[in-house]
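Reading through the C-alpha cells given below for one structure.
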DNA sequence: GCAAGGTC
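In the UniProt record's numbering, the protein residues as written are 1 to 857.
Below is the structure:
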C-alpha cells in the first residue's frame, strides 16, 4: 500500500475549495497545476473536475460524413475521450501515488457517472488504491463531515444508467443529424440537427405555430356599465373605495356556467339598448370572502428563469448572470430542481446577514420582526443542491453592474418572500339586476395585509376597489359600453414558458433546457423573441413526424427514464437497453432509406424560403441572404453563377428578414441582429440606391496620403448603408474613420487644432444609434467633434474595458477602482498578496482577487 | 462538424 496522500475528487472547483476549507478547518492552501487548482492540507489533496472531463464519441474513422453511411453509426463502436486534458492529466498524476481516493461528486445520477469517469481514470494509473464514494446534499460543515465519516461505494448501476443515456443520445442524434444534413446537401457548418431533447422542443414551437395559423377567429361582444351608489352624491370617495366603478354584463349559459361573451351581434345590441336606456340597477347579492395568498416556493432553475424573464432577461442571459453571482460567492448553485430549503439552512441567520444590504436591508429587518419564520416548500426535494438563495456574503453596490444587481436583488427578495407571511385579500363580488332582466357583476379586491408583497414587488398586488355596497341597495347607471371583440389564437411560447413546458414534459435538465433553446436559434430553427419557427424547422419536424416520430416525441425521454430506472435497480443492463434502442433506430432507417430524395428536396426548399427576400432585378431568380467565404453577409441571386447580381449588407450583425415588403422593389426589409446593437437596415436595394445618389462631402485633407498624393477626406455613404469619413483616393488609399449609422451629419466651423478637420455633430439621432450616451450633449445634438479625435477616444474606451474583462473576468468598473487605488492591474493579478491588495481596494473581495490571479498566468 | 449532459 502506497504512503501517498488521500485524494478527494469533486465535480467542480468551487465545491473542491469549500470542501477543502471545511475538512481542513480553513487551513488548506491552493496550488495551481496545469491551470487546475489542487487544495492541500495535511496528508490530503482535493481536486475539482469540470463536470464531465471525458466524452463519448465514435472512433476517428467514422468522422468523415461523406465516407460513412449514417446508418453505419448505429452499430459503430463508441469510445470515451478526455475533453479536459489538463484536468485528466493532473488527476492521474495525483492518483498515481494516492493512498486512498474519495469521490465526492454531486449527489445525483449525472454526478454518479462523473464519479465513475473519475474512478476509471484513477484505475488506469493505480490498480489497487481503495476508492470510496461520499454523498451529501449540501456543502455545509455538518453534512460534509458526516458524509466523510460514512464513506460508501460508487453505485455502478446508477452510473450505467447515465451511460445508456449517453450512448442512445449520441447514436440517435449523430445518425439522424448526419442523415438529414446529407440528404439536404448541407455539409458545411449549417447542418440539420435533431436529438432527443431538441426534437420535441422544436415540435412544441412548430405545433403552436400550426395552431395559430389554423385558428379561425370568432366575433363576440362584451358589455360594460359604469355605476355609482344611488344614495350617495357622485365623487365622494374614501381611501379604500372608489365612487365610480365598473360592472360587466353576464348570463348563464345552457350548461349553467357563467358567461360574459355574446356570440350574436343582434342579441348583444338588444341587451346593450336596455343597459343604455336604464338608469338604475338593484343589488341582488353581495359576497365577501377573505383569501390568503401564499408566498412563492423557493427558486429552482426554471422558476428563477421565469421570474427573471418577467423583468426582461432572456433565459441564457439570466443564467449567465446567475453563474457570475454564484462564482463570486453571492448566491448558491444556480442549477437545481430543488424547491425545499435544506434543514441546515437557518433562515434567521441568513435574513440577519441580509439586513446589511443597502437596497433590501430594511425589508429584511421587517421580515425578522415577524412572529414566525417558516419558509415555504415546493413539491420537489432533491439531494444534489439547495434551491437558489442568496448566501451570507453580500456584494457591495459597486461590485455589480446594473443588470447583475437587478438579478441579485430578485434572488434576495424571492428568498425574503419565501420566509414571509402570506398576504390576505378581501374579495367583494356584487351582482345587480337591470330592468328586472339582465345581470351585471363587479369584482373588487382589497389588500388587507400585504404579507410577502411588501418585500416582493415582482408579484401582482394590484387592488381593484369597488365601494362598500350592501344587499338591496340601488345603483345608478352612468354609462354603458359595447365592445366588439374576436377570439384570439393561442399565444406563442415565450422562452420561460417553453422552459416550464419542457420541465413538465420531463425533457432536458435544469442545466440544459436554456441551452437547448439557444441551440435552436443557432441552428436557424427559430428566430426573434418570443421564438418563431423558420420554414426549415417546419420541414424538419414534418420529416421527423413521418419517418422518425420518436425523435420529436417526449415519449423517447419517458421511455429512456423508465429504462434508466431499471438499469439503476439492476433489472436491466446498459447492454440490453442500448441494443433495444439500436434496433428501433435500425427500423427507422429502413423507412428513411426508401424516401431519399423527397426529404432532402423538402428541406432544401424550406431552407431557401428562409433566405429569400424577393425577386432578382436582373433575372428570373430570387434574391437570398448569403455569406461570403470571409464570413460577411450579403444579398445574392440564387441563380448564381448564371446571375452575379449582389447587394451589400452592413458589417455588424446577422441579417434577419422582416415581413415588411419594400413597395418600390418588392423586396423584404432586413434587420441586422446584433444583440442590443440591432437595427433595421431596410430594403437593401433602396439603401444601395440612396448611397449611389449621395455625393461625397469633402471636409479636409487625408492625413495618410496627402504628403505624396492629393487625397482628401470626405463624408461618404456606402451601399451597405454605413457611413464613414474616408479618403477620396479610395481604393488606392484606404484611410477611414467610422461614423454613426443614423442621424443627419452636420459639419461645423470648429476646426481641430491638431488635425485641421472640422468638428462634426449628429442631429436628430434616434435612440437606436450606437452612440455612447455619455458623450451626448443634449437630446437632439450629439457633438462628435473632430473625427480623428473621436475615433481615438472610441478606441481607448474599447481596450480599457474589454481586455481586462475578457482576459480576467474583471468588470470595467472594478478595473477603474483598481486604478483609482493606485494598483497596477496586471501586476496586481500576478501578485500573490491578495490580502494586502484587498485592503487597498475597497469592495474587492480576497476571493475574487485570488480568482483573477489564477487567470493571470 | 453530429446529441445531451456536466461546468467556466
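Glycine residues also receive a C-beta, built at the ideal position from the N, C-alpha and C atoms. This one's a predicted model, so the numbers in the text were calculated from it and none came from an experiment.
Under the three-state reduction of DSSP, which class applies to residue 419: helix, strand or coil? coil
Return the residue from the list 476, 189, 298, 61 that minimises the CA-CA distance to residue 244. 476
Whole angstroms is fine: what's the gap from residue 622's alpha carbon to residue 616's? 5 angstroms
What three-state label does DSSP hand residue 481 in the structure shown? strand
My parser needs the beta strand (DSSP E) runs of 3 or more residues fully inside the UniProt region "Disordered" (361-399); what are they? none
Just confirm the distance between the C-beta atoms of residue 435 and residue 278, as a whole number of angstroms; I'd bet it's less than 8 angstroms. 5 angstroms
Length of the line joining the Cα atoms of residue 358 and residue 144: 33 angstroms
Cβ shell of residue 287 (< 7 angstroms), same chain only, five flanking positions each side left out: 429
Buried or exposed, going by whether 16 or more other CB atoms sit within 10 Å of the CB of residue 721? buried
Going by the beta-carbon positions, is the gap between residue 422 and residue 295 smaller than 8 angstroms? yes
For the beta strand (DSSP E) that contains residue 928, what are its first and last residues? Nothing about residue 928 can be read from this structure; the chain reaches only from 1 to 857.
Identify the residues that DSSP records as bridge partners of residue 657: which are they? 670
How many Å lie between residue 149 and residue 134 at the Cα? 9 angstroms
In the region 504-581, which residue ranges form an unbroken alpha helix (DSSP H) of at least 4 residues, counting only runs that do not cross its ends? 513-522, 535-547, 555-568
Option in 681, 374, 195 with minimal Cα separation from residue 540: 195
Cβ shell of residue 5 (< 7 angstroms), same chain only, five flanking positions each side left out: 43, 44, 45, 98, 99
Neighbourhood of residue 606 by C-beta distance below 7 angstroms, restricted to the same chain and skipping five residues each side: 535, 536, 538, 539
Per-residue DSSP class, three states only, for residue 728: coil
Between the region 692-711 and the region 631-641, do at least 3 Cβ pairs fall closer than 8 angstroms? no
Within the chosen definition, does the region 508-519 reach the region 300-309 through at least 3 CB pairs nearer than 8 angstroms? yes
Between which two residues does the alpha helix (DSSP H) harbouring residue 686 extend? 684-693
Can you tell me which residues form a DSSP beta bridge with residue 426? 290, 446
Beta-carbon proximity of residue 463 to residue 283, cut-off 8 angstroms: no
Put residue 823 into one of helix, strand or coil per three-state DSSP. Because residue 823 sits at a pLDDT of 46, beneath the cut-off of 50, its placement in the model cannot be relied upon, and the point is left open.
Taking the alpha carbon of residue 729 as the reference point, which residue from 723, 716, 740 has its own alpha carbon closest? 716
Taking the straight line between their C-alpha atoms, what separation do you get for residue 272 and residue 253? 18 angstroms
Please work out which residues of its chain come closer than 6 angstroms, Cβ to Cβ, to residue 382, disregarding the five sequence neighbours upstream and downstream, and give them in chain order. 337, 338
One question on the structure: do residue 103 and residue 119 come within less than 8 angstroms of each other, judged by their Cβ atoms? yes
Does residue 769 come out as helix, strand or coil in the three-state DSSP assignment? A caution first: residue 769 carries a pLDDT of 45, below 50, which makes its placement in the model too unreliable to give a value.
Would you please state the rounded distance, in angstroms, between the beta carbons of residue 73 and residue 197? I believe it to be under 8 angstroms. Their Cβ separation, rounded to whole angstroms, is 19 angstroms, which puts residue 73 and residue 197 out of contact at 8 angstroms.
Just the C-alpha distance for residue 17 and residue 34, rounded to the nearest angstrom, thanks. 17 angstroms
Taking three-plus beta-carbon pairs below 8 angstroms as touching, is the region 483-503 in contact with the region 568-579? no
Can you tell me which of the three DSSP states residue 622 falls into? strand
State yes or no: is the C-beta of residue 489 within less than 8 angstroms of the C-beta of residue 205? no
Check residue 702 in the structure and name its three-state DSSP category. coil
Can you give me the Cβ contacts of residue 158 inside the same chain, cut-off strictly under 7 angstroms, excluding the 5 residues immediately before and after it? 109, 112, 568
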